[in-house]
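Working notes, beginning with the structure itself.
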Amino acid sequence: MEEFATLVDALIYTRSRNEKLRLIAEYLRQTPDPDRGWALAALTEGLSFAAVKPSTIRNLMMERVDPVLWALSRDFVGDTAETASLLWPELIGETGAPPSVSEAVERLGAMTRVSVLSELPRLLDRLDADGRFALIKLATGGMRVGVSARLAKTAFAQAFDVAVEEVEEYWHGLAAPYPELFAWAAEGADPPDTENLPLFRPFMLAHPLDETVVDLKDYVAEWKWDGIRVQLVHAGGETRVFSRTGDDISGSFPEMAGALTIPAVLDGELLVQGSHQGGEAGGAASFNALQQRLGRKTVSGKMLADYPAFVRLYDLLILEGEDLRALPWTERRARLEALMPRLPADRFDLSAVVDADHFEHLAEIRMGARDEAIEGLMLKRRDSPYVAGRKTGLWYKWKRDPLLVDCVLMYAQRGSGKRSSFYSDYTFGCWDGDPEQGAELLPVGKAYFGFTDEELKQLDRYVRNHTVNRFGPVRETDKSLVFEVAFDSVHASKRHKSGLAMRFPRISRIRWDKPAEEADRIEALQALIRD
Amino acid sequence: MAANFSWIRAEPHGIHVVPADCWIDPSEAVERALVTHGHADHARGGHGKTIATPATLAIMDLRYQTREGAVPVGYGETISLPGGVDATYIPAGHVLGSAQILLEHAGERVIVTGDYKRRPDPTCPPFEVTPCDVFITEATFGLPVFCHPPVEQEVGKLLKALRDHPDRCVLVGAYALGKAQRLIAEVRAAGHHDPIYLHGAMERMCRLYEEFGVGLGELRLVSDHTKDDLRGSLVVCPPAALNDRWSRRLPDPITAMASGWMRVRQRARQRNVELPLVISDHADWGELTRTIAEVDPAETWITHGREEALLRWCQLHQRRARALALVGYEDEDD
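Here it is in structure tokens:
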């Protein structure tokens, strides 16, 4: 555990990507199995322990530290794991040697909701503050050490001099601590057998178009649908639905898992049937409808009937044992179109190509896209192969312009992580009538990004100097600052006092110049609801 | 004793000793100032009379040319002020010249600690526990998460980084007054005798420390040397210079900072620090609470820092306490 804790800290303090790669690679080379496999799983967020929740840590601390001192400390430090690691009362005398990563993982895995309360302390007692921090991060998931799963895999490839694409390919079929992967990369054994496994293949991703102008002779346009990106895989008699991050979400969408019976890997957008998207009957409902289906472990029959899912396909990676990824988009598209009649029509349709004469024409089409409740356009290079990740020049996303509304800052809260100590989470509101006539502000949303580091410092100072009330960690401000808030859409919501919920709100501009009375009224937002 | 203490008042810009019309560490220019130590948030220029230890006066003179009106008081000495107030200067262990000030009036004893620590420091005499009725304590690191590790351990990390990277240099950001000299003295005590390179802004203060008998070994100015000279060396600069253009002249520096705030990872990250060194000249939580228990005053007044947590601790331990709202005492770089 000490070596792992040292690695975790070194990664936190290192800014250079190359240095991070070097640190991880060195650890992977020098650490024995299975410790290094568990560490790799932790870094790629591949570990979870049902018995250990952030609330478990809080509860353990409450038995050991005064709750007020805990709250003040947690607020200052901005991270539960770190606060707990620093406040854990150290035993005097013999506490036993620090556990290895494997021992810690084994013990954590065996803990229950009850036994965790006595067993986790025993592990923490054997570690120093840095070790406790690493252990709690590992146990609660989410290391947040500035290392993406992709970076960790790249480091693995670098450590053993293998291709990162191959690592990605095998990765999803294997479980931590990945003995087959280390045997192959470090000891030259045969690669893991993945032929008949329903494995996730890394998605091809798009860059924002920004100022780029493309020639439609080279690029084809498709709608960018407002659903969730999924990959459907059928292999070895099993079907899986994977999310954008490679999570298996088959359980949430059993109707989709049953709909694909041809050995293939498909890429598309998961949507809920309705009349909204695509315009014609058999189109999709808004994202709000889809949201009813997300994040559920089990799905009731009523859910399935009220919000039936389907996938709008736009790419075909593998078909009946043939890997199509190296082919140009035009050929993959032709193969996909040919496949459509063999798929059940109530569960699959084809994402149509958007015809435009030239780029300016396409820009006009995009401007009109709002009514169709779609996110914008995709531009795909006609000759591009299907490659993992975000490769410049192949795929672009061209989102429609966001909606804007002027809101007034009402409450602020300190951020966590990089922004600990800064008041960086803002709740803002719109007027429920004429502010001259004594109308009040209703909170309409929360945002914590969209501003620069410099602006964050100014906002932090502003909040501290304009606080009128404090509720625990929350500061109420004097409601004098206007934010121009950008958002993708707004929906009716019973959960909020204002009766609406914004999707993806962010601070677009800070209007230091604008008087708060001139911010928008709630009607402005209500007029934009399309459910 | 029915504590009264109405003769001493906490005002926004300092502590006012009413019968003597004196201010302790005032943040504005006043007729008569009692100064605990030379840091800029406690010691300001422009007072009519400045009453402080000889070392603090020398530091203030270096910074603000305040020779005029300087009244020196040595450790253990008592000065009589108007209105029947006696002031005694007692070592605080914070930096060279730093003192607690014991005020006595009408049979009541009040101590203003200024900034202090309880750990040994080769550059100044240690804090002395002195009984009093009111103990006015700082609370810069007044949260239980702050537990400064032994300084040898942190110096060890620094020297290891030097050994591991003979082609680079280790650049440590440290307060120009106090932290820099303590760090250098501790590095010397750990057996490192190579020349240490200084940012120009540090030179005069280091010389002043040497005049007061604190040996710092061979010091050189970065500006007199080439990039190659600095490879494998320790370089010390003020925290503000760490990520400044100034540091571009250094050979691939490993950025370090010596500060109690380095205990919290994200604080170190916010300063872009790669090698955090938890070295502080302030008392940590354990020192603060132990000191209150040892001094055992009738009342504890808490100022600049995280007053709320220390106030809570006092409540939990059945001690009378209150927080003072003084402005202008910030120690973001310690």
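As you go down the protein sequences, you meet chains A and B in turn. Residues in the first sequence are numbered from 659 upward in steps of one, following the working numbering. Residues in the second sequence are numbered from -10 upward in steps of one, following the working numbering. Ideal placement from N, C-alpha and C gives every residue a C-beta, glycine not left out.
The C-alpha of A/Ala1010 is placed about 21 angstroms away from the C-alpha of A/Leu977. The C-beta distance from A/Phe662 to A/Ala697 rounds to 5 angstroms, short enough to meet the 8 angstroms contact threshold. Non-local C-beta neighbours of B/Pro184 in its own chain, meaning closer than 6 angstroms and more than five positions away in sequence, comprise Glu207, Arg209, ordered along the chain.
In the three-state DSSP reduction, A/Ala700 falls in the helix class (H, G or I).
Of all residues in the region 719 to 737 of chain A, those with a C-beta nearer than 8 angstroms to a C-beta of chain B are Val723, Asp724, Val726, Leu727, Leu730, Ser731, Phe734, Val735, Gly736, Asp737, reading in chain order.
Boundaries of the alpha helix (DSSP H) harbouring A/Phe945: 945 to 949, taken from the DSSP string.
One alpha carbon belongs to A/Phe858, the other to A/Glu827, and they sit about 8 angstroms apart. Counting other Cβ atoms within 10 Å of its Cβ, B/Ser222 reaches 16 or more and is therefore classed as buried. Close CB contacts of B/Val253 within its chain, under the 8 angstroms cut and outside five residues either way in sequence, are with Val134 (chain order). Interface criterion not met: the Cβ of B/Ala150 is under 7 angstroms from no Cβ in chain A. Short of 6 angstroms from the beta carbon of A/Arg902, and not among the five residues preceding or following it, lie these beta carbons of its own chain, in chain order: Arg887. In the DSSP secondary-structure assignment, B/Ala41 is bridged to B/Pro61.
Uninterrupted beta strand (DSSP E) stretches at least 3 residues long and entirely within the region 138 to 172 of chain B occur at 159 to 162, given in chain order. In this structure, the CA atom of A/Tyr1084 is about 52 angstroms from the CA atom of B/Gly63.
By the Cβ neighbour-count rule, A/Ser713 is exposed, with fewer than 16 other Cβ atoms within 10 Å of its own.
Assignment of beta-bridge partners to A/Gly789 by DSSP yields no partner. In this structure, DSSP gives A/Trp829 a helical state, which the three-state scheme calls helix. Shown here, B/Glu0 sits in a strand according to DSSP, grouped into three states.
Closest option to B/Gln142, judged by alpha-carbon separation, among B/Ala(-1), B/Val267, B/Thr292, B/Val6: B/Val267. One thing to note: B/Asp104 has its Cβ no nearer than 7 angstroms to the Cβ of B/His137.
Contacts with chain B (Cβ-Cβ distance below 8 angstroms) from the region 737 to 748 of chain A involve Asp737, Glu740, Thr741, Leu744, Leu745, listed in chain order.
Going by beta carbons, A/Lys1038 and A/Trp1053 fall inside the 7 angstroms limit.
Contact check for B/Ala32 against B/Val24 passes: the beta carbons are separated by less than 7 angstroms. When the beta-carbon positions are compared, A/Asn946 and A/Gly894 stay at least 7 angstroms from each other. When Cβ-Cβ separations below 7 angstroms define contact, B/Glu276 makes no contact with chain A.
Put simply, the backbone Cα of A/Leu1067 is about 14 angstroms away from that of A/Asp1171. Arg295, Glu297, Ala298: these are the residues of the region 272 to 298 of chain B whose beta carbon lies less than 9 angstroms from some beta carbon of chain A, given in chain order.
Segment contact: the region 1085 to 1098 of chain A against the region 837 to 851 of chain A, fewer than three CB-CB distances shorter than 8 angstroms; contact not assigned. Counting the other Cβ atoms within 10 Å of the Cβ of A/Phe1162 gives fewer than 16, which makes it exposed. Cβ proximity to chain B below 8 angstroms picks out Asp667, Ile670, Tyr671, Thr672, Arg673 from the region 659 to 686 of chain A. Taking a Cβ-Cβ cut-off of 8 angstroms, the neighbours of B/Glu263 in chain A comprise Tyr671, Thr672, Arg673, given in sequence order. B/Gly275 sits in a helix when the DSSP states are folded into three classes. Taken atom to atom, the span from the alpha-carbon of B/Ala29 to that of B/Asp273 is near 21 angstroms.
Classified as buried, A/Ser1074 has 16 or more neighbouring CB atoms from the shown chains inside 10 Å of its CB. Ranked by how close their Cα comes to the Cα of A/Arg1000, the residues A/Leu918, A/Arg970, A/Gln949 have A/Leu918 in first place.
Straight through space, the alpha carbons of B/Pro111 and B/Ala95 are spaced by roughly 37 angstroms.
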